[in-house]
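> For reference, each letter of the sequence shown is one residue, going 3 to 200 in our numbering.
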Amino acid sequence: MIIKTAQFLTSSAIVEQCPKRKLPEFAFIGRSNVGKSSLINLLTNHNKLAKISGTPGKTQTINHFVINDAWFLVDLPGYGFAKLSKKARVDLENMIHSYVLKRENLACLFVLIDSRHKPQAIDIDFIRWLGEHEIPFALIMTKTDKIKKQELIENIEAFQNKMFEEWEELPVFFYSSAVSKQGREEILDYIESIYNIL
Ligand code: GDP
Numbered sequence: 003m004i005i006k007t008a009q010f011l012t013s014s015a016i017v018e019q020c021p022k023r024k025l026p027e028f029a030f031i032g033r034s035n036v037g038k039s040s041l042i043n044l045l046t047n048h049n050k051l052a053k054i055s056g057t058p059g060k061t062q063t064i065n066h067f068v069i070n071d072a073w074f075l076v077d078l079p080g081y082g083f084a085k086l087s088k089k090a091r092v093d094l095e096n097m098i099h100s101y102v103l104k105r106e107n108l109a110c111l112f113v114l115i116d117s118r119h120k121p122q123a124i125d126i127d128f129i130r131w132l133g134e135h136e137i138p139f140a141l142i143m144t145k146t147d148k149i150k151k152q153e154l155i156e157n158i159e160a161f162q163n164k165m166f167e168e169w170e171e172l173p174v175f176f177y178s179s180a181v182s183k184q185g186r187e188e189i190l191d192y193i194e195s196i197y198n199i200l
């Protein structure tokens, strides 16, 4: 898919404030610092569409971008901030959960996983919750340029094995790097393929 236009539309604090216009929507989520902003900028060919923040956890709104005047790209808040108070974390989780459950035009949720780490409970738990609610999702292993190939293969295998403990079939996996631009075409083509069957 060729990105002709990518514009910020609005930030919403709750799902009810999200745009009334119901374009097919593709959302991105992951732990804070997973590389979400960098990936969004890579996909849209913009340096600064999503803010690449030095202070993790600052974006706590649902951010809508209009792509090619045809679909919404949504930047969701990161989950799992160690630094937030318990109440702030619960509020954030509620906001994310109600967005995912209530946003009817959500076509696919991309869950970003930092490929440098062994499987983390917080990611596995979130993915399980998506499965329980039959939310369509795909996984993106980020920052693949940051580790050795062998280690990357081991981490991917460990993640997939962990998933096989409770999943019969695995979702689609993508591998991305904001540095080498790995994954850009594949992810955009996947979005296009879903868009075309809607
Ligand atoms: P977010 O908090 O999930 O939006 O993460 P950011 O996109 O702000 O990235 C967090 C940090 O990781 C920043 O210092 C980025 O420059 C860095 N980063 C993000 N993606 C990549 C990547 O693919 N490769 C490398 N080497 N660094 C990355």
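Even for Gly, the Cβ is constructed at its ideal location relative to N, Cα and C. Quick caveat: nothing in here was measured; it's all calculated off a predicted structure.
1. Say yes only if the C-beta of Ala29 is nearer than 6 Å to one or more non-hydrogen atoms of the ligand GDP, and no if none qualify.
2. What's the gap between the Cα of Gly59 and the Cα of Ala90?
3. Within 10 angstroms of the Cβ of Ile199, are there 16 or more other Cβ atoms? Answer buried if so, exposed if not.
4. DSSP three-state call for Met165: helix, strand or coil?
5. With H, G and I counted as helix, E and B as strand and the rest as coil, what does DSSP make of Val36?
6. Which class does Thr144 belong to by DSSP, given the choice of helix, strand or coil?
7. If you draw a straight line from the alpha carbon of Glu188 to that of Phe176, how long is it in whole angstroms?
8. Three or more beta-carbon pairs under 8 Å between the segment 6-22 and the segment 158-172, yes or no?
9. Mind pulling the alpha helix (DSSP H) runs of 4 or more residues that sit fully within the segment 100-163?
10. Who are the Cβ neighbours of Arg105 in its own chain at under 7 Å, not counting the five residues just before and after it?
11. Determine which residues share a DSSP beta bridge with Phe30 and list them.
12. Does the beta-carbon of Lys50, which I'm using as the reference point, lie nearer than 6 Å to any heavy atom of the ligand GDP?
13. Assuming Ser14 contacts Ile64 (C-beta within less than 8 Å), just tell me the rounded distance between them.
14. Please classify Ala84 as buried or exposed, where buried requires at least 16 neighbouring CB atoms within 10 angstroms.
15. Counting pairs of Cβ atoms below 8 Å between the segment 108-117 and the segment 181-197, do you hit three or more?
16. Any idea what DSSP makes of Leu45, helix, strand or coil?
17. According to the neighbour-count rule (16 or more other Cβ atoms, all chains shown, within 10 Å of its Cβ), is Arg23 buried or exposed?
18. Taking 7 Å as the cut-off, decide whether the C-beta atoms of Leu114 and Ile69 are in contact.
19. With distances taken Cα to Cα, identify the nearest neighbour of Asn47 among Ile5, Glu167, Asp71 and Phe74.
Quick answer:
1. Exclusion of Ala29 from the 6 Å shell around the ligand GDP follows from its C-beta lying no nearer than that to any non-hydrogen atom of the ligand.
2. Any reading at Gly59 needs caution, since the residue's pLDDT is 49, under 50, leaving its predicted position unreliable; the model's value is listed next. So the alpha carbons of these two residues sit roughly 11 Å apart.
3. When all chains shown are included, Ile199 counts as exposed.
4. Looking at Met165 - three-state DSSP - the assignment turns out to be helix.
5. Looking at Val36 - three-state DSSP - the assignment turns out to be coil, as it is neither helix nor strand.
6. Of the three classes helix, strand and coil, the one that applies to Thr144 here is strand, per DSSP.
7. Each residue's Cα considered, the two are about 8 Å apart.
8. With a cut-off of 8 Å, the segment 158-172 and the segment 6-22 do not count as touching, because too few Cβ pairs lie within range.
9. The DSSP assignment places 123-134 as complete runs of the alpha helix (DSSP H) inside the segment 100-163, in order along the chain (cut-off: 4 residues).
10. Closer than 7 Å at Cβ, skipping near neighbours: Val17, Cys20 and Glu27.
11. Phe30 is bridged by DSSP to Asp77 and Phe112.
12. No, the beta carbon of Lys50 sits no closer than 6 Å to any heavy atom of the ligand GDP.
13. About 5 Å separates the CB atoms of Ser14 and Ile64; that is less than 8 Å, so the two are in contact.
14. Looking at its Cβ environment, which holds fewer than 16 other Cβ atoms inside 10 Å, Ala84 is exposed.
15. Under the 8 Å Cβ criterion, the segment 108-117 counts as touching the segment 181-197, having at least three qualifying pairs.
16. Secondary structure of Leu45 (DSSP, three-state): helix.
17. Exposed, because fewer than 16 other Cβ atoms sit within 10 Å of the Cβ of Arg23.
18. No, the Cβ-Cβ distance between Leu114 and Ile69 is not below 7 Å.
19. Of the candidates Ile5, Glu167, Asp71 and Phe74, Ile5 places its Cα closest to the Cα of Asn47.
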